[in-house]
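Residue numbers (the numbering used here): 36 to 185. We treat Cβ as the ideally placed atom computed from N, Cα and C, and that holds for glycine. Structure first, commentary second.
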């Protein structure tokens with residue numbers, strides 16, 4: 036008897052992404068952004084991040100995407116939150132889990148993969164951000180401030 040059965044899930048499934056907000060521990064902190072090399076938002080600035088593979092956690096995805104897009108490898112992050120507005124990504128229904136990584140100073144980065152540029156910006160002089168990354172940035176800064184004041 037063949038017990039294998041194909042199964043089709045009747046509910047649509049959203050895509051899952053992970054984004055990383057990397058902020059420095061300087062008197063005037065800086066954040067690492069990438070300039071998107073492809074649509075949507077080609078040429079706009081965003082956090083390093085991307086789509087989760089089926090065999091990884093969102094944290095593993097965040098670490099992988101950060102390294103793939105900037106060459107930067109971090110070992111620890113804290114979760115900022117989940118962002119699930121229906122229209123947050125024009126490619127379709129996408130939920131992102133955002134993480135915060137704190138480093139002592141701006142580290143050497145190089146744009147790779149689908150990032151056209153990688154650059155450190157003062158958190159007080161940010162460019163316009165793609166997707167809903169301005170909302171994520173505000174939450175990450177609040178978390179950063181709480182962690183730095185502990």
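Range of the contiguous alpha helix (DSSP H) that encloses residue i
i	result
residue 188	The question about residue 188 has no answer, for the chain in this structure spans 36 to 185.
Secondary structure of residue i, DSSP reduced to three states
i	result
residue 92	coil
residue 107	coil
residue 97	helix
Exposure label - residue i; buried when at least 16 CB within 10 Å
i	result
residue 172	buried
residue 125	exposed
residue 43	exposed
residue 65	buried
residue 73	exposed
Boundaries (first-last residue) of the beta strand (DSSP E) holding residue i
i	result
residue 131	129-138
residue 114	113-118
residue 157	150-157
Contact with chain C by residue i, beta-carbon distance below 9 Å
i	result
residue 153	The question asks about chain C, but that chain is absent: this structure has only one protein chain.
Entirely within the stretch 57-87 and at least 3 residues each: give me those beta strand (DSSP E) ranges in chain order. 65-71, 84-86
Between the stretch 151-159 and the stretch 111-130, are three or more C-beta pairs nearer than 8 Å? no
With three or more C-beta pairs closer than 8 Å as the rule, is the stretch 74-88 touching the stretch 51-64? yes
Quick check: the stretch 172-185 against the stretch 87-98, are there 3 or more CB pairs under 8 Å? no
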